[in-house]
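Heads up: the sequence shown runs through residues 1346 to 1486, numbered per my numbering.
We put the beta carbon where it would ideally sit given N, CA and C, even for glycine.
Quick notes on the structure that follows.
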Amino acid sequence: MARYPTTTRRKRGATLAWGLAILSLTLLLAGCKPPAERADASRPVEVVLLTTPARVGPAAIEVRLTVAGAPASGATIGLVGDMTHAGMVPVVAPAVVELGGGVYRTEGFAFDMAGDWVITADVRYADGVTRQGSLAVSVAR
Ligand SMILES: [Cu+2]
């Protein structure tokens, strides 16, 4: 008679474990790119590839920032290039320099492989607010 409650308890335990696993995974994935940072009409993050057509090798990338329509100065930007296929080490821009007028430019960035890339700019504005912008680029040999 005691077998049924035990079995039920074990099943509940397994269901709870799966529930926690799925919840953890969801939080982990959500943690990578917080939805709040993705879109903000008052703080558009424009990522522009200046070196066109895109080829393997050095490339200049600009990030243009405005806040409520006015150029945003004093921001710090981290810029990373990721390929869309697995197993690649991201390419990090060694420097992103402020040119003025809300325009920032990479120094020393280079595509190291042909294919599809996503460039992501992590922006921290002078007031501490953080946002992200991205650009998909197809890089030729
Ligand atoms: Cu690759």
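| Check | Outcome |
| --- | --- |
| In DSSP terms, what Ser-1479 is bridged to | Thr-1465 |
| Met-1458 in three-state terms, based on DSSP | coil |
| Sheet register partners of Met-1433 (DSSP bridge) | Bridge partners of Met-1433: none, in fact. |
| Rounded C-alpha distance that separates Ser-1479 from Val-1392 | 6 Å |
| Cβ-based neighbour list, Thr-1429, same chain, cut-off 6 Å, excluding 5 preceding and 5 following | Asp-1461 |
| Own chain partners of Asp-1427 with C-beta closer than 6 Å, once the 5 adjacent residues on each side are dropped | Pro-1435 and Val-1463 |
| Cutoff 8 Å; reference Thr-1475; Cβ partners in own chain excluding five residues on either side | Glu-1382, Asp-1467, Val-1468 and Arg-1469 |
| Cβ neighbour criterion (16 or more within 10 Å) applied to Leu-1409 | In the sequence as presented, Leu is not what sits at residue 1409; that position holds Arg. Buried: at least 16 other Cβ atoms inside 10 Å. |
| Any chain C beta carbon closer than 8 Å to Phe-1454 | The structure shown has no chain C; it contains just one protein chain. |
| Test item, CB below 5 Å from any non-hydrogen atom of ligand 1 | Met-1428, Met-1433 and Met-1458 |
| Sheet register partners of Ala-1386 (DSSP bridge) | Ala-1386 pairs with nothing; no bridge assigned. |
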